[in-house]
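**Q** Each step along the sequence shown adds one to the number in the numbering used here, with nothing skipped, and position 43 is 26.
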Amino acid sequence: MRTEKLTFNVPVDILASLKIGAGGLEADMRRSLAVQYYKNKRLSLGKSAKLAGMNRLDFMDHLAAEGCVVFDYDESALKEELKGVETLEELKR
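#1: If we ignore side chains and look at the alpha-carbon of each, how far apart do E58 and V(-7) end up?
#2: Select from L61, R76, R13 and K66 the residue whose C-alpha is nearest the C-alpha of L(-11).
#3: Counting along the chain, where does the alpha helix (DSSP H) carrying G40 start and finish?
#4: Below 8 Å between beta carbons: does that hold for S31 and A10?
#5: With a Cβ-Cβ cutoff of 8 Å, do L46 and Y21 count as a contact?
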């Protein structure tokens, strides 16, 4: 998978106020962006999960914890997502 590296500067006092390091901020930002892009229908569930650094099932749990509706789909989109969930369940066996 091809990737792009994004970098930007964050004032140290912001990290101190948040009581997290750069890695924690990156993880928080990835999850927050993934939730917003999913809520705004800019990314699918699978791509949002990938952006968040999670598998689909964990991302679905994360969405639920954030109060987001996970299954707001038309019938064809729902079938596609369920296929992905079935694939994940088969991989766990």
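Beta carbons are placed, not taken as given, at the ideal position from N, Cα and C, and that holds for glycine. Given the structure is predicted, the values throughout are model-derived calculations rather than measurements.
**A** Reading from the atomic positions:
#1: Their backbone Cα atoms lie some 43 Å apart in a straight line.
#2: R13 is the residue among L61, R76, R13 and K66 whose C-alpha sits nearest the C-alpha of L(-11).
#3: The question names Gly, but residue 40 in the sequence shown is Leu. Note, L40: alpha helix (DSSP H), R39 to A48.
#4: Their beta carbons are not under 8 Å apart, which means S31 does not touch A10 by this criterion.
#5: Result yes, Cβ atoms of L46 and Y21 sit closer than 8 Å.
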